[in-house]
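In the numbering used here, the protein residues as written are 19 to 717. Where is the CB? At the ideal position from N, CA and C, for every residue including glycine. Source: prediction; values computed, not measured. Below: the structure, in structure tokens.
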Amino acid sequence: MRKYQYWTTGIIFTFWGLMICGKGVYAQQQNIKIEQAMLGDVENATALAIEGERLYDADSTKKSWGDYCGNSITLAEAGRFREAVREATKALYLGVRDKNQKAQVFAMRDLAYAYGYAGDLEKSRVWVLQSLENSKRLNNPNFNVAHQLEAAAYKLLGDLDLKEGQLDLALKNYNMGLERASFFTPRRDYLQISIASVLIQKGDYEQARKILQEHTGNTNSNTASLVQRTLSELNLLEKRYDDAYKGFQSSLEIARKSNKKSRAAMWSAFGMAKALHAQGKSTEAELFLEQALFEAEGLRANFQVEEFKTAFFAQAQDIFDWGVALYIGNGKSDLALAVSERGRARTALDLLRDRVKVVNKDKALDQAKLSPENLLNLIPPNIVVLNFYVTKREVYLWELRTNAIKSHTISVNENELSSKVSKWRSTIEAQQKDALIGANDLGKLLLGEITFKPQETVVFIPHKMLHRVPPHALRLNDKFLVEDHAVGVALSLGAVQETLRKPRKSEAGLLALGNPDLNDPVMDLPGAEDEVRAIVELIPTPLAYFRKEANRQNFLNNAQNTGIIHVAAHSVVDEIDPMFSKLKLSEGDIEAREFYELNLQRSNLVVLSSCSSGLGKISKGDEFWGFKRSILISGTDTLVLSLWQVEDLATSKFMKIFYKNFRAKGATQAMRSAYLELLTDPKSANINSWAPFTSVGLW
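This is the structure in structure tokens:
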């Protein structure tokens, strides 16, 4: 099997601030799962401090712990989670080195923020609990600082509770934060508004209204606008639609007085659209929806956190989801499709901005300028594009062919679909017979209303959890989709548009790395080496490296000057920030983010023949981050990667068949040939063996 578990290990040593938090009021109430996580995190904390020392020593310009903490928060808010963790670890190291209790507490807090933003709620809770417990131990001169830190910690705990649906715990933690925030008015205001938001969710409208009305005279523009919007959301729930509209309008006026792009303006315009729609004025609602979308598209990824941590307000992506539903309901499926694409493209652009240097960045930006009409004119007669969009309540599917668009609404909500996908993947990876049942169920659910034409190529545009689905392994009428059709994947309609416009490349040559020597016999991949030796015989002017020579430097020296790149090795997915996922090569790894620095404009194919190379993080509202995005944006036409841990021998066979057909048939048809040959072989007929690889890009 091409798989390997990497465990963080380290010598356990004791220092102040990295103890298990078992004595605090809140910690005593935590369940066994959290306690076990904290026990395990002692090693991780030790490893982080050691890592922090290494990173600090490598910095050419040494900073103070306060500067590192500030950098950590900024990076976390901008979505650069792994970098945020690294900055916090430097602060943690300095705090330990200097026996600075305050620095350690701030570093723990920032680790909590970074992991929380990254979606790892369990680790975030571990670190905020340690920050909370240790802030209580600060010396008397730091009394006010301690209370400020405790208030922030309880606020963050409440936010985590809300994300997990624990309303009572959230309310308790917000109230405990309020007790500590007596002297910190802005934080106190946000805590009270958070409490009101929880009360609204619990149905205690009267008490929530009382709290909010106490803040209606607040002169702080951000807080005043937030109070006004929260009251208006309450009016919506109580069906006071005219009051809601006027309240959102007042909030919008407050926001407009600001000289900068405003989140408050975005949410206020969105609220006005919802209030109009609730009154049956759907067409009028479109005007304010567009204002909200305009504001959303003008904001960068590094939103200030307070508003988005007020649980009653949804993430900005909810505006796009609501807009899709509004236009579908108004019979404007083409506009609904455009809004769905704007949501995807906006997320991608925000995450790209200021994150990495992007080769061919102008083309990436052009993806936001999608016209469905222009796209339909580009689609060849033998291709059908299936564009999915998952919302909390239902799934929308657009079926696009030459000069024709048809929309479908699939009656399954996001949680139900996520559960179905997870269950199916579990049965596939466990090689259970139930995998066929899942293939049939999901195939009927997602594709049941599509009438496919004979031999047409299916281009699957996934959304959210559907990025983890192998579309070729979905079944209709007791047959896998790939048995009748070649199947490809695209990241978005903008990517499809770009693909259809550009000519196919004809660059020759092969760069192949197989079975890198990782100084551990357990890590050897003899099948990968055999695979590469066979491919070398099929591609003209090959350049192949094995074992010690399959190293980082040989990859970097040759990757930008060849038509086909093939790496048969181990890979490690970074769950916190997939841009730090690694291809394990001899003498150094290649991280996903490094592909942004490469110009692969000459490459027509990149193949990552490794475990789970197609996995990564799916940001809210979509947009997939990992090798898939970074390699495609670097310029290659087509990328082949895997969706789960792969078998060494089956992978070797698959790749040999694929390359025999690639030059004559193209990627998707060559993939189909490989799928079908493994599928008909009893030794590899289970989905786990024949279906892990998928192709993204040209078809």
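- Pairing Q449 with L465, the inter-Cα distance amounts to about 24 Å.
- Listed in chain order, the non-local C-beta contacts of K523 below 8 Å within the same chain comprise G581, R620, S621, N622 and D655, local neighbours out to five positions each way being set aside.
- A distance below 6 Å between beta-carbons, with the five flanking residues on each side excluded, links D595 to the following residues of its chain, in chain order: F99 and R100.
- Between D116 and S90, the C-beta spacing is not below 8 Å.
- If you draw a straight line from the Cα of R206 to the Cα of L175, it comes to about 15 Å.
- Going by beta carbons, G347 and V357 fall outside the 8 Å limit.
- In the three-state DSSP reduction, P544 falls in the helix class (H, G or I).
- Counting only runs that start and end inside the region 509-591, the beta strand (DSSP E) elements of at least 3 residues fall at 528-534, 560-565, 582-586 and 588-590.
- Residue range S300 to G316 is occupied by the alpha helix (DSSP H) that includes T301.
- When Cβ pairs closer than 8 Å are counted between the two stretches, the region 603-614 is seen not to touch the region 656-671, the count staying below three.
- Annotation for A287: the continuous alpha helix (DSSP H) segment containing it runs R281 to A296.
- Sorting N431, F406 and E467 by C-alpha distance to the C-alpha of V477 places F406 at the top.
- Here N395 carries a helix assignment [DSSP, helix/strand/coil].
- Boundaries of the alpha helix (DSSP H) around V123: Q119 to Y135.
- Bridge partners of F645 according to DSSP: none are assigned.
- Here the region 496-515 does not lie against the region 556-571, with fewer than 3 beta-carbon pairs under 8 Å apart.
- At the C-beta level, F573 and L603 come within 8 Å of one another.
- Taking C-beta separations shorter than 8 Å and ignoring five residues to either side along the sequence, the partners of E549 in its chain run G532, A586, S627, T669, S670, M673 and K674, following chain order.
- For the pair A132 and A94, the CB atoms are nearer than the 8 Å cut-off.
- Exclusion of the five residues before and after A296 leaves Y259 as the residues of its chain whose Cβ lies within less than 6 Å of its Cβ.
- Only residues of its own chain outside the window of five on either side were considered, and among them Q449 have a CB closer than 6 Å to the CB of N704, listed in chain order.
- Taking the Cα of E315 as reference, the smallest distance to any Cα among T301, L305 and M284 is reached at M284.
- Counting only the Cα atoms, H426 lies some 6 Å from Y414.
- Apart from sequence neighbours up to five positions away, the residues of its chain that approach K424 with a beta-carbon distance below 6 Å are E417, ordered along the chain.
- It is roughly 10 Å from the alpha-carbon of L667 to the alpha-carbon of S702.
- In the DSSP annotation of this structure, the continuous segment of the beta strand (DSSP E) that includes K424 starts and ends at A422 to I428.
- No Cβ-Cβ contact shorter than 8 Å links S250 with G221.
- Residue pairing from DSSP places W416 in a beta bridge opposite N405 and S425.
- If you check the CB distance, G195 and K173 come in under 8 Å.
- The criterion of a C-beta distance shorter than 8 Å is satisfied by Q219 and L185.
- For A226, same chain residues with a beta-carbon under 7 Å away, outside a window of 5 residues either side, are A214, L217, I218 and L252 in chain order.
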